[in-house]
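Here the structure comes first, spelled out in structure tokens, and everything after it is commentary.
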Amino acid sequence: MRIEQEIKQKFRRLARGMDAVAGEDASARLNEILGESNINWQAINDVLEAELSQSFFEHRHFKKTSSKRQLFDFMHSELVCRILGEAFPKQRFSGSGILEPLENPEADNARVHLAQQGFLILPQRLQESACEQIVHSLKDIEFRVKASGEIVDGYDAARVEQIDGNTCWVVDQQRILQIPQVQQLASDPTLLNLIQDYLGCVPIHDQANCWWTINHQTSQRTMTSDAQLFHQDKDFIRFVKVFVYLNDVTDKNGPHTYISGSARDYDQHVPVGYSISQRLDDKHLRHQYAIDRFVTFQGKQGTIIIEDTSGFHKGTPVQSGHRLMLQLEYCCSLYFNQGLCFSYDGLTPEYLEFAKHHPRTFMNYDNERYLRYIEQKRKQLGGANLIKRNVRRFGKYLARWSANAGLRKSA
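In the working numbering, each residue carries its 1-based index in the sequence shown increased by 500.
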């Protein structure tokens, strides 16, 4: 089959950095993978082509690929990860982290639970001091009300309910990443090893998001827009999100809800004509899934949830108070990349050193692409002050970081 030969050729080009023996072993395992039935050959070929050309860094790539998301069901997403895991061999992340390491059998139990259920509540929480330092940093970071587009000058717990909408999201995720404690979490070996084991390949860091949620309006339209009805994410072929509660979350202030195992079997429970990211009401899904598969995550400040959000999930509507959330995301490939990327500016020396040793994990960091991205976002937001300031601020750093070819080229 011609396309199968194309896939094998592209795989060999991706794996050309391996020594001869490792390359032969990887090619043999690829043959085993491709021997499985019901393979969408064209989809796999397209992913490998994008990995070779890195076309996913171009805006036109997203326009070309966004319609292909439904081709990647759980089986094909897992298969692509296995192929990428052979082309870019996994390596254990090591070093001290912000989280306490998991020891066996706890570590094995965590991996099994994440693999089977699609989510994991880490037994250890992010320390209170780290959470408070993150929250303190948010006071100087601009957010945007999703419903109205209003720009809010920083997070202040005393005035969070004054926004004209249910959710308020950070404008520029680079500002979240620049918080040292966020960098410590994003590079934590315990976290990254769990995610790598779940994906089956080297994880790529692609988001550092933050938002708060209040009880402003509960219309169907608002709840749909603010992800407060059950839905799936299809940000990338396969990915996980890491949710961190930055305040205590009870049944009153919008706990996150997930249908366990639904990342694997969602296609058996959706209505005719369903499309990815379509909102589904509770009534439909409660007819489809046993009640014990609906998991609601209440937790203290610092609670960390790793979740495959290609499974059904939602934010429960807030009854009183508010919920403040930090979110990291890691994917297997940037194939469905929408353009969001990071700069090296404002990051700690420790984080930059870690990034240098893990180039694939941090391949979505590039100063020039970041400048283009925030300029585009500035236009979309009608000239938000934060974006204007960052274009000027990051411009002066561009020459300095451009000289650092080791980081920029490898990542």
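We treat Cβ as the ideally placed atom computed from N, Cα and C, and that holds for glycine. Model, not experiment: these values are computed from the prediction.
Minimum C-alpha distance to residue i - residue among the options
i: Ser775; options: Val547, Met518, Ser527, Ser567; result: Ser567
i: His813; options: Val740, Ser820, Glu850; result: Val740
i: Ile695; options: Thr861, Thr565, Leu638, Asn540; result: Thr861
i: Tyr844; options: Tyr835, Phe836, Gly535, Phe854; result: Phe854
i: Asp733; options: Gly811, Arg644, His561; result: Gly811
i: Val702; options: His787, Gln678, Asp767, Val580; result: Val580
i: Gln678; options: Ala657, Asp656, Gln633, Cys668; result: Gln633
i: Phe588; options: Pro771, Glu807, Gly700; result: Gly700
i: Ser637; options: Asp656, Tyr835, Gln627; result: Asp656
i: Arg592; options: Asn693, Asp808, Leu534; result: Asn693
Rounded C-alpha distance that separates residue i from residue j
i: Gln617; j: Leu828; result: 19 Å
i: Gln798; j: Tyr745; result: 9 Å
i: Thr724; j: Gly523; result: Confidence is the limiting factor: at Thr724 the pLDDT is only 47, short of 50, which leaves the residue's position unreliable and the question unanswerable from this model.
i: Phe557; j: Asn837; result: 7 Å
i: Lys510; j: Ser553; result: 10 Å
i: Leu514; j: Gln674; result: 30 Å
i: Ser555; j: Thr796; result: 39 Å
i: Ala680; j: Glu850; result: Residue 680 is actually Pro in this sequence, not Ala. Straight-line Cα distance between these residues: approximately 10 Å.
i: Asp640; j: Gly846; result: 14 Å
i: Leu881; j: Val660; result: 21 Å
i: Met863; j: Lys508; result: 24 Å
i: Asp726; j: Ala790; result: Low per-residue confidence applies at Asp726: pLDDT is 44, beneath 50, and the placement is therefore not dependable, though the value from the model is reported in the following sentence. Asp726 and Ala790: Cα-Cα distance of roughly 26 Å.
i: Ile874; j: Leu852; result: 21 Å
i: Glu504; j: Met575; result: 18 Å
i: Asp792; j: Ser527; result: 42 Å
i: Thr667; j: Phe643; result: 10 Å
i: His858; j: Asp866; result: 14 Å
i: Leu898; j: Gly773; result: With a pLDDT of only 49 at Leu898, under the threshold of 50, the placement of this residue in the model should not be trusted; the figure read from the coordinates follows. For Leu898 and Gly773, the distance between alpha carbons rounds to 48 Å.
i: Gln788; j: Val612; result: 24 Å
i: Gln876; j: Phe562; result: 15 Å
i: Asp519; j: Lys590; result: 15 Å
i: Leu534; j: Met501; result: 12 Å
i: Val521; j: Glu506; result: 22 Å
C-beta contact flag for residue i and residue j at 8 Å
i: Ala763; j: Tyr698; result: no
i: Asn753; j: Val818; result: yes
i: Ile598; j: Gln684; result: yes
i: Ile583; j: Ile539; result: no
i: Thr750; j: Thr816; result: no
i: Ala647; j: Asp664; result: yes
i: Cys841; j: Arg869; result: yes
i: Phe794; j: Ile759; result: yes
i: Arg823; j: Glu578; result: no
i: His559; j: Gly839; result: yes
i: Leu826; j: Val682; result: yes
i: Pro689; j: Ser594; result: yes
Expected contact under 8 Å - CB spacing of residue i and residue j to nearest Å
i: Phe743; j: Leu785; result: Actually they are not in contact, since the Cβ atoms of Phe743 and Leu785 sit about 20 Å apart, beyond 8 Å.
i: Leu530; j: Glu586; result: 6 Å
i: Asp573; j: Asp767; result: 6 Å
Any C-beta of chain C under 8 Å from that of residue i
i: Ala587; result: Checking the listed chains, one finds no chain C in this structure; it contains a single protein chain.
The ligand MG heavy atom lying under 7 Å from the CB of residue i
i: Leu699; result: Looking at this structure, you won't find the ligand MG or any other ligand, since it has none at all.
Quiz prompt | At least 3 beta-carbon pairs within less than 8 Å: the stretch 645 to 664 vs the stretch 603 to 617 | solution = Counting Cβ pairs under 8 Å, fewer than three are found: no touch.
Quiz item: Just checking, does the stretch 614 to 633 make contact with the stretch 706 to 718 on the three C-beta pairs under 8 Å criterion?
Solution: Between the stretch 614 to 633 and the stretch 706 to 718, the count of Cβ pairs shorter than 8 Å is below three; the stretches do not touch.
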